[in-house]
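The block underneath contains the structure these notes are about, expressed in structure tokens.
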Amino acid sequence: MKKILVATNEFFPFKGGIGRYSEEIVVQAKERYDVTVLCPDYGGKVYGCPYEEDIRLITFPGGQFSLRQAPCLLKTILSIDFSFYDYVLVADWPIWLLICLVNQYVPLKKKISFSLMLHGSEILNLKYGKTSLVRKITNPFKDVQHIFVNSEYTKSILLKYFGDKLSCDVHVTYLAAKNQRLNTIKEIPEKKHGSFILLTVGRLDSRKGHETVIDSIARLSAERGKILYRIIGNGSDDYRQYLLEKAKRLDVNIEILSDLSDSDVELEYLKANIFILAARPEPLKVEGFGIVFLEAAAFGLPSISTKVGAIPEVVTDHVTGLLCEHDINDISKAIKTVFHNRNLIKKFSENCLLRFDFFSWRKTASQTFRVMSQEAN
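Numbering-wise, the sequence shown is residues 136 to 512 according to the working numbering.
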């Protein structure tokens, strides 16, 4: 059985896009490969991984990346014989950049060749952010065999900023959602009574556009009282309080729920009428894919969102939801449209279930492993 090393700074029990990607790739890989994962120990919690007995773990002290843990991570990288593995997939930027520095400045260490997964924001950081310093002392793409990206949008910004630095091919491998979708739209409970629920799921981060949604609802004088904006996510207490106070001032009904179990989040998807995420563009962060839209689609929940990053590759305008400019009036108009047209919601819901089937982690993993195995052969 061939051996694969998946190197990531986000893994179980961390809940985030890169962590989800890494876990799902490992779940698929363990069916066909001898799998080792290089990741933080999260204070020992990583050993509670439900498939820990099926894989090997190489851990270093720490959790979500900070510069303080870079020395431990570097020491761990130096201790690994990467030639032992048939395939090496690096899924996160801290390990990627440290491997590049090792290749450049540790001559006694055999060159580490690897495949790389890019998610979006790290590309902009490499161009304009703090990690741009690395480009001044090494070519971070020099020893990369293959690059995988999560969307055509991510591929476009990679080629825009670093196309002249690449010596390997770039493959789009779409992500997927963990949820199993409903078998039929008839399984969705009737939502005729009570409030019209708009749902946002994701970290309490201004980039997600919560305050834009509040402003958009506030514009709907006739419908506002019948709309409940429910937010699920963790984040700073200050931002939470800011949203609550803003909603109260604008007479918008709002709830913010945190630390929900997966089953509780799934229940909220079933209760909601529309998923909404008014993502806004920021200089160093992008919506590289948007798994959360697929999670909503698994429950037949249409989306209202902005035309930011790769979102249009996941949400099809006027098919599985409505896409808007990042404009309060445009978003407000979209909310009003679905509020008064429940048949349109039902049509979108049916399309969501079909769209969900286009994406799968098995497909993502198969595309990834096929490309890596071709290089090895």
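Note that CB positions come from ideal geometry on N, CA and C, so glycine has one too.
Specify the secondary structure class of H306 as computed by DSSP and reduced to three states.
-> strand
Rounded to the nearest angstrom, how far is the Cβ of K520 from that of F331, given a contact under 8 Å?
-> There is no way to answer for residue 520, as the model of the chain reaches only from 136 to 512.
Helix, strand or coil: how does DSSP classify A142 here?
-> strand
Tell me P175's beta-bridge partners as DSSP assigns them.
-> F195
Of the listed residues A445, P416, E417 and P418, nearest to F428 (C-alpha basis) | A445
Same chain only: Cβ atoms within 6 Å of Q204, ignoring 5 sequence neighbours per side | G197
Close Cβ partners of A142 (< 6 Å) along its chain, the five nearest in sequence each way excluded = L173, V225 and I230
Element boundaries [alpha helix (DSSP H), containing N260] | S256 to Y263
Using alpha carbons as the reference points, say which of A164, R270 and N260 lies closest to Y222.
-> A164
Name the two residues that bound the continuous beta strand (DSSP E) containing G456.
-> G456 to C459
Please confirm whether G423 and S438 have their CB atoms less than 7 Å apart.
-> no
Tell me the DSSP bridge mates of L412?
-> S440
Report yes if the CB atom of I466 is closer than 7 Å to the CB atom of A413, and no otherwise.
-> yes
Let me know the alpha helix (DSSP H) ranges lying completely inside the segment 322-388, each 4 residues or longer, listed in chain order.
-> 345-353 and 372-384
Alpha helix (DSSP H) runs contained entirely in the segment 213-285, provided each spans 4 or more residues | 228-240, 256-263 and 267-270
Cβ-Cβ distance between L502 and T308 below 7 Å | The question names Leu, but residue 502 in the sequence shown is Gln. It is a contact, given that the beta carbons lie within the stated cut-off.
Relative to the alpha-carbon of S351, which residue among T441, L208 and V161 has its alpha-carbon at the smallest distance?
-> T441
The alpha helix (DSSP H) spanning N464 covers which residue range?
-> I463 to F474
Exposed unless 16 or more other CB atoms sit within 10 angstroms - verdict on E357 | The identity of residue 357 in the sequence shown is Ala, whereas the question assumes Glu. Its Cβ having fewer than 16 others within 10 Å, A357 is exposed.
Distance between K271 and V237 (C-alpha atoms, nearest Å) = 15 Å
Check E521 in the structure and name its three-state DSSP category.
-> A query on residue 521 cannot be resolved here, the shown segment of the chain reaching from 136 to 512 and no further.
Nearest-angstrom Cα separation, counted from D452 out to S484 | 13 Å
Residue range of the alpha helix (DSSP H) that V450 falls in?
-> Counting along the chain, V450 falls outside any alpha helix (DSSP H), and DSSP gives it neither H nor E.
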